[in-house]
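S.K.: Position in the sequence shown (from 1) plus 49 gives the number in the working numbering.
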Amino acid sequence: MANIRVQENRCTGCGQCVPVCPVKCITLGPRPGGPKGPFEKMAVIDTAACTLCKACVSACRALGEKSCNKDLFSAIEIQEAAAGGDFSAYRGVWCVAETRRGQLSPTALELLNIGAKLAAALKEPLCAVLAGHGVEKFAAELAEHGAEQVYVIDAPELKDYLDEPHAAALAALINAKKPNKVIFPATTMGRTLSARAAILANTGLTADATELDVDAATGLLRVTRPTFGGNLMATITCRKTRPEMCSLRPLTYPKAEKNPKPLAVERFTPEAGALACKSSYAGFVSEESGELDIGGAEVIVAGGRGVGGPEGFKLLHELAQALGAAVGASRAAVDSGWVPYRHQVGLTGKTVKPKLYIACGISGQVQHMAGMSSSDIIVAINKDPDCPLMKQAAYAIEGDLYEVVPELIKTLKNPS
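#1: Which one of Glu147, Gly141 and Ala170 has the shortest CA to CA distance from Cys176?
#2: Kindly provide the ranges of any alpha helix (DSSP H) runs that are 4 or more residues long and lie completely inside the stretch 379-417, ordered along the chain.
#3: What are the start and end residues of the beta strand (DSSP E) that includes Val272?
#4: If we ignore side chains and look at the alpha-carbon of each, how far apart do Arg80 and Leu121 end up?
#5: Asn52 bridges to which residues according to DSSP?
#6: Quick check on the DSSP output: what are the complete alpha helix (DSSP H) runs of length 4 or more inside the stretch 125-184, in order along the chain?
#7: Looking at C-beta atoms only, is the number of pairs between the stretch 322-339 and the stretch 431-448 that lie closer than 8 angstroms three or more?
#8: My output table needs one value for Glu306: the three-state DSSP class, helix, strand or coil.
#9: Could you tell me whether the Cβ atoms of Glu185 and Val201 are closer together than 7 angstroms?
#10: Can the beta-carbon of Leu167 be found less than 7 angstroms from the beta-carbon of Val263?
#11: Once you ignore the five residues that flank Met421 on each side, which residues in its own chain have a CB closer than 7 angstroms to its CB?
#12: Can you check whether the CB of Ala351 is closer than 7 angstroms to the CB of Gly377?
#13: Exposed or buried, which one is Gln152 when buried takes at least 16 other CB atoms within 10 Å?
#14: Buried or exposed: Tyr390, going by 16 or more other Cβ atoms within 10 Å of its Cβ?
#15: Should Gln128 go down as buried or exposed, given a rule of 16 or more other Cβ atoms within 10 Å for buried?
#16: With a cut-off of 8 angstroms, do at least 3 Cβ pairs link the stretch 246-253 to the stretch 286-303?
#17: In angstroms with no decimal places, state the Cα-to-Cα distance between Asp425 and Arg354.
#18: Indicate the three-state DSSP secondary structure (helix, strand or coil) for Pro79 in the structure shown.
#19: Assuming Val454 and Leu368 make a contact with CB atoms under 8 angstroms, what is their CB distance in whole Å?
#20: Cβ of Asp212 within 7 angstroms of Cβ of Arg240?
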């Protein structure tokens, strides 16, 4: 892996790198070679705790750019290790097709859409993977939408989703067939399955991606996702191991158009005992709230911290009822206990793609935008004209939502 080090001859011991470290792994200590002129101390980095975020590198470099002495500052450097071994045996872009209660999940066709673009860029085959019991019937639909090869793992132990047997089955297939890239849906099941499969396949995983592409020079998968609480967007590559694996947030890309390929199914049977599991499936209990689910809603009325409390959401529910819409919320509103988690939109909630998204009192932080920025039309109602969502919206209404929303409800109920 990469190494981080402090160049003693350039470090002045100014300490500017200490406060910018997000994991607090930098301190000031004595110089191994003794004081250098007026500089008695230097930065000391706990490499075991360092995450290689490069915040200290940037801070020190910025001081170097301002300094008149070019021999000082720019003291912290990260030395990248050479890329991994021979990966020529790894080929193919795999999309893990999820099934839920006897139905093929829409995420399967979303993965095939971006998977086809990646496969074309790499000039490698596009494949799909089905794991379950009685799931081969979905192979034809996957082939109709571009899958050149469909791997099927069919076993009674995989009838209902359990982490252990599904991850073991998928990892066994990966180790046997050696794909180059594997994409999972970042659903409840996909998140846990991808993490377990990555460990069993001894490779890396980038979770909750919002964008995928291929580096033209290296062929590496470039996975973009929010990080540091959604305040930054990071692009991550996996250089040392194969396959490169990631999970992609639902609705990030549209479903694949029909692009029929000859149906090619390869059945895979894991070794005896490989699917043993300590857990048992008790059953599925669906939530019956009586409200529209934001995941499939065409119109959503969402509220954030600016709504002010549960009473404000009663007003939004009234607007939603007049529009035949679902009610969404930002993480701040859910964390405050104003609405249940099922309403949460964003990085730690649901990704939505309605025709109309009305955001009331939501500033538009990255973590929220990651879940709704693909909406066809965004309307923002906010007192702050400079907040990110007001700039992103197709229609921005500057004002008090307690004045604007009642007028909207009144107009909808009495259009004349």
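Ideal Cβ placement from N, Cα and C applies to all residues, glycine included. Just so we're clear, the structure is a prediction, and the values are computed from it rather than from any experiment.
M.R.: On the basis of the data shown:
#1: Gly141
#2: 380-384
#3: Leu270 to Thr276
#4: 15 angstroms
#5: Gln128
#6: 156-171
#7: no
#8: coil
#9: yes
#10: yes
#11: Val394, Val401 and Tyr406
#12: yes
#13: exposed
#14: exposed
#15: exposed
#16: yes
#17: 24 angstroms
#18: strand
#19: 6 angstroms
#20: no
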